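Take the position in the sequence shown, starting the count at 1, then add 25; the result is the number in the working numbering. Don't be surprised by glycine CBs; every beta carbon is placed ideally from N, CA and C. Only a predicted model underlies this, so the values are computations on that prediction, with no experimental measurement involved. Working notes, beginning with the structure itself.
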Amino acid sequence: MKKGNLKCIEKMSYLGVGVSLGTVPVYHSTNLKLLDKRIKIADLVLRFMILGIGVVAAVLIGTDSQVKVFFSFEKEAKFSDVKALVFLVVANGLAAGYSLIQGLCCVVSLVRGSVLFNKPLAWAIFSADQVFFSFEKEAKFTDVKALVFLVVANGLAAGYSLIQGLRCVVSLVRGSVLFNKPLAWAIFSAEQFHKFSSFYTPTTAGNGSKTEERVIQTKGAYDSVLWVVQFSDLHFSVHHPDRAIDFHDLVGPALSFINPSLVLITGDLTDGKSKDLLTMKQNEDEWMEYKTVMDSVIQRSGIDKSLFFDLRGNHDNFGVPDVGGSFDFFSKLSISGQLGRTGSVNSVTLETPLRKHLFVGLDTTMLTGLRGPTNLFGHPTDQLLSDLDLELSRWDSQSEKPVTKIAFGHFPLSFSAPSGSGRTLEDVFLKHSISAYLCGHLHIKFGKNLKRHHLLGNQFLPFQKLFQTNMHRSSFGSTVNCSSEVPPIQEFWEWEMGDWRWNRAMRILAIDRGHVSFIDLNFKSGAKDVIILPTFPLDSRFMSTSLSHHNYECQNVALSSYETIRSLVFSDSPMVSVMARVYDLQSGSLVLVAEAKMNKHADEASRESLYVAPWNYKAYEDASPDRYWLQIEAKDNMDRSTFSELRPFSINGHNFEFSWSWKEFLVMGCQWAALYFPLFWSALYAMFFILLLPKALLVFPKKIYTYKNFLTNKGLISGVLWILQELCRVQTLWFCWVGYLFYLILFPWFMGYIFTEAKRKGYMTFRGWVIETSDRKGQHEYVGFPDIMVVVLPHLLFVVLPAILVTGALTAERAIYREHMLASSGKKKDDIDLNSRRCNRRTRKLLFVVCLVICTKHFMNCRTLTKAYDMNPVFHFMGYGVSIPLLLAYAIGKTRSA
């Protein structure tokens, strides 16, 4: 080539001349030289930033780790164990290395003033980057510092691509041929941007609502009402197929016209019991039935599957040793399991134009699922409570809209144990002042008023942490302090809903501008054609709170929410008229004082179930919470009238005091987890006192109580001490009873198979079941506390204590018989025969019957445990099974003669 031509090409290169694959030179204008140089400098800066970020990401991947909680079980994993993530780092490392080389070339080009030529390596590196981005998208890691750095690196790469895109534009303007490298950057940066945007852009759910970070935009007007449906304790069973059949036939059509925003199923999805109700473990056939029925119900209802939230109950956890194991059918066949909701705490937010509604579900079943009956309580861990606290705080600092918080789980708080540090679910709920906690577990057989109001207050006595005697705990008086310096009221309602098992129960819960109301229905008589749920004013028995009274008196809420009576009316046929009626009970009988026609909420976006009627709410201000009563009547096009339940209301927010029955108090008002040890030790101390005090009186003061002393100085105390001293005089029997009580404290009670698969045994003590730890390294742990109270307390209170008392009575009866025999020994033969006939020991026969009753009760308990834990009655019962019958038999034999 001639020297002149070489100079020409050199000059073209300096001026920005590009050479295509066919080496066709293209001349550029010289006025873009300065722009080209600036682009190169930006190119250099971005390349070295990508390199630095890539190095940091690689270091974090190699050294960092993450702890994941699966139903309160903590598992630590290193990011280097995740192959897709490692490959992603390698790919980005290659890109960073390539950027380093190109950066050096950029430096050289700046010095020499030449244009960077294309490198085919860019295609390979960024193709790999695209492949591994797919892995990144599927991995769904959260709170991973290394991944954050990777995203930043990709963002810088996208910025670099933009610069290269500008170079392409410049090239087009100048008339040059596109280089390989800028074209690759432009194409892949466009695809990269598309993938990032599709990854973070809100997706559309099946019902047409958008969800971003578990936020669902519900249809409705600015002041619209939303509602959800709750079921609990389905107990689908192979022995009772009617439960699943009724659910299939009734629930799907009902949900189709109710059209809730969510469907909550709060535990005990399957029964897990044998036909005789004694063996409790998982049954795969029941879970397959549950999955089939729920798939059909979802299809018939027309509601998206993602809007169904089912939780694990204690029956769903019978005999499940490990979450995710072969017998954990919930993780495989439940709706939540299929949708990947593997955490112990899951939340969803329903958003309307006016406010946010946060629903948080929690699974507090025990990590190691024992067979029943010692699987009865919820067991929240400290990790679960921290996660719950975090979820309930989700919108505290992020939302300008007010937030209504609803929690739902399986166990009532009366059957929820504290965590290892002593914290409770109640502590977290009070901290956030949630509106309500929805639960199941207890069933309607204990009562229909299984509701409880929780309130934090310093004026409550210590024992009130163990008991709550009334349903509603109220703290406000006649005056309200509206000062802003007064700390906010911390309270919430707990609403147990009953069961589908026997009562075919369903609940609809509505939230109307922050006012939470509900109605409990049962389908025992068949499907419901019309359902009426008044949403305002609230029922003063179950829904009013101290906060509602405070807000009304201090005018902290918009008074517009008080200006109408509002009610939801669900029907499978069109409504002709809806009427609201207000009654006055001041005279002792209901007197109609107001009647108003309710109109359908006029808004095209509304879901056409809300009816409203204007009223003068100030006319119903009254200090009495049950003076005024509300009832709604709905009439459809077939002239069928349906009436809502009469319910008292209080515009002022006063509470109608409502008392529990004794059964309702036992299951809702007692904190059984906190009461177990006090009851256990009280029972043991009482029995030791019964045995040791009379013995001490015999040994130390040598104060002897006899039958003659009792006849001389009649009194309850002297009589009891005489009976117990008679027991002390039978030395062997007395020592056996004392030894048996120490045995119950110091030794295992019995052994058994506690999981579905009868391979792992455990032994039970009063502290819980002792089992080998999950890592199988020879260490042991206690599980099932305080669940074992269902075995321990009945044995102490209904078997051991009565047995001690009846043996004391037998020894006292022998003393009486002996006195009669001694008294008759110095008399004539005819008088002796007369005394013998009079003293035919009827009391002994009665005590013998009592012994039979105690033994029968004990053997029934043993039979239940034998079936429940696949026990061998000879080898597994240890001293628990035979001690009581042997001691009673010995007492009967020892007291047979005088």
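Return helix, strand or coil for LEU987, following the three-state DSSP convention. The shown model of the chain, from 26 to 923, leaves out residue 987, and the question about it has no answer.
Cβ-based neighbour list, ARG380, same chain, cut-off 8 Å, excluding 5 preceding and 5 following: Cβ within range, chain order: LYS426, PRO427, VAL428, THR429, ARG538 and GLY539.
Does the Cβ-Cβ distance between ILE676 and ALA638 come in under 8 Å? Against a cut-off of 8 Å, the Cβ pair of ALA638 and ILE676 comes out as no contact.
Go ahead and label TYR315 buried or exposed: buried means 16 or more other beta carbons lie within 10 angstroms of its beta carbon, across all protein chains shown. So TYR315 ends up on the buried side.
Let me confirm a value: ASP301 is counted as buried when at least 16 other C-beta atoms fall within 10 Å, else exposed. Which label applies? Exposed, because fewer than 16 other Cβ atoms sit within 10 Å of the Cβ of ASP301.
Between which two residues does the alpha helix (DSSP H) holding HIS574 run? Residues 571–579.
Could you give the uninterrupted runs of the alpha helix (DSSP H) lying entirely in the region 728–776, keeping only those of 4 residues or more? Runs of the alpha helix (DSSP H) inside the region 728–776: 732–737, 741–754 and 756–771.
In three-state terms, what does DSSP make of GLU646? For GLU646, the three-state secondary structure derived from DSSP is coil.
Out of LEU749, MET568, PHE681 and GLN756, which has the shortest C-alpha to C-alpha gap to MET712? Comparing Cα positions, the closest option is LEU749.
Buried/exposed call for THR920, threshold 16 Cβ in 10 Å: Burial is judged here by how many other beta carbons sit within 10 angstroms of a residue's own beta carbon; THR920 has at least 16 and is buried.
Identity of the residue in GLN324, LEU395, LEU722 and GLU838 nearest PHE924 by Cα: As shown, the chain starts at 26 and ends at 923. That puts residue 924 outside it, with no answer to give.
If you follow the beta strand (DSSP E) that PRO673 is part of, which residue opens it and which one closes it? Per DSSP, PRO673 belongs to the beta strand (DSSP E) from 672–674.
Under a three-way DSSP split, which group does ILE533 fall into? Here ILE533 sits in strand by DSSP.
Of all the options LEU289, LEU303 and SER441, which has the alpha carbon lying nearest to the alpha carbon of TRP697? Among LEU289, LEU303 and SER441, the Cα nearest to that of TRP697 is on SER441.
ASP545 by DSSP, collapsed to three states: which one? Assigned with DSSP and collapsed to three states, ASP545 falls in strand.
Is the beta carbon of GLN255 closer than 8 Å to that of LEU534? Yes.
Using beta-carbon positions only, say whether ARG606 and LEU617 come within less than 8 Å of one another. The Cβ atoms of ARG606 and LEU617 sit closer than 8 Å to each other.
Taking DSSP as the reference, what is the three-state secondary structure of LYS622? Strand.
How many whole angstroms separate the CB atoms of GLN656 and SER666, which I take to be in contact at a CB cut-off of 8 Å? Taking the Cβ atoms as the reference, GLN656 lies roughly 12 Å from SER666, outside the contact range of under 8 Å.
Using the rule of at least 16 other Cβ atoms within 10 Å of the residue's Cβ for burial, across every protein chain shown, is THR236 buried or exposed? Any reading at THR236 needs caution, since the residue's pLDDT is 32, under 50, leaving its predicted position unreliable; the model's value is listed next. Under this definition THR236 is a buried residue.
For LYS622 and ARG652, what's the separation of their Cα atoms in angstroms? Cα-Cα distance, rounded: 22 Å.
Name the DSSP bridge partner or partners of ASN886? Answer is none; ASN886 lacks a bridge partner.
Would MET776 and HIS901 be called neighbours here (beta carbons separated by less than 8 Å)? For MET776 and HIS901, yes; Cβs fall inside 8 Å.
DSSP three-state assignment for TRP518, whether helix, strand or coil: In the structure shown, TRP518 sits in a strand (DSSP, three-state: E or B).
Tell me the start and end of each unbroken beta strand (DSSP E) in the region 368–402 that is at least 3 residues and wholly inside, in chain order. At a cut-off of 3 residues, the continuous stretches assigned as beta strand (DSSP E) that sit fully inside the region 368–402 are 370–376 and 381–387.
Any idea what DSSP makes of THR881, helix, strand or coil? Shown here, THR881 sits in a helix according to DSSP, grouped into three states.
Given that a residue counts as buried once 16 or more other Cβ atoms are within 10 Å of its Cβ, and exposed if not, what is HIS260? Looking at its Cβ environment, which holds 16 or more other Cβ atoms inside 10 Å, HIS260 is buried.
GLY292 vs GLY465 beta-carbon contact at 8 Å: Judged by beta-carbon spacing, GLY465 lies within the 8 Å limit of GLY292, meaning their Cβ atoms are closer than that value.
If you draw a straight line from the alpha carbon of GLY744 to that of CYS753, how long is it in whole angstroms? Taking the straight line joining both Cα atoms gives about 14 Å.
Give me the Cα-Cα distance between GLY344 and GLY809, rounded to the nearest whole angstrom. A direct Cα-to-Cα measurement between GLY344 and GLY809 gives close to 12 Å.
When the distance is taken between beta carbons, is GLY551 closer than 8 Å to ILE469? Annotated as distal: ILE469 and GLY551, with beta-carbon spacing of 8 Å or more.
Would the region 399–407 count as touching the region 805–821 if we require 3 or more Cβ pairs under 8 Å? Yes, the region 399–407 is in contact with the region 805–821.
Could you name the residues that DSSP lists as bridge partners for LYS330? By DSSP's assignment, LYS330 forms no beta bridge with any residue.
Quick check: the Cα distance between ARG869 and ALA834, rounded to an integer number of angstroms? Taking the straight line from one Cα to the other gives about 9 Å.
Straight-line CA distance for ASP597 to PHE681? Roughly 34 Å separates the two Cα atoms.
Between the C-alpha atoms of LYS553 and TRP685, what's the straight-line distance to the nearest angstrom? A direct Cα-to-Cα measurement between LYS553 and TRP685 gives close to 29 Å.
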